[in-house]
Amino acid sequence: METLRPLEDTDGVSLHELRTMVGADVAAQTESGPIEGTLLSCTTRSAWIVVGDVDHVVALPHLHSIHRR
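Using the numbering used here, read the sequence shown as starting at 418 and increasing by one per residue.
This is the structure we're talking about:
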């Protein structure tokens, strides 16, 4: 299982790589701690991960790594 890490010249995870995981169950490491849930959407600025009934919107610079579960 490949974990996406920040590119050398950017903060956070690559948007291009993140888009390939939309709809998947993911495990993410964020600035405020780990999140495991479904990646519902992403934009140029953030990722939307849902855990049960709780939505987490994570700014991409605060998304340190993410991988499929």
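Beta carbons are placed, not taken as given, at the ideal position from N, Cα and C, and that holds for glycine. Computed from a prediction, not measured in an experiment: that's the story for all the values here.
{"Asked": "Only counting the same chain, and skipping five residues up and downstream in sequence, which positions put a Cβ closer than 7 Å to that of S458?", "Found": "V439, W465"}
{"Asked": "If you follow the beta strand (DSSP E) that H481 is in, where does it begin and where does it stop?", "Found": "480-485"}
{"Asked": "Which stretch, first to last residue, makes up the alpha helix (DSSP H) that contains L435?", "Found": "432-436"}
{"Asked": "Starting from V471, follow the beta strand (DSSP E) in both directions and report where the run begins and ends.", "Found": "471-476"}
{"Asked": "From I483 to D472, what does the alpha carbon distance come to, in whole angstroms?", "Found": "16 Å"}
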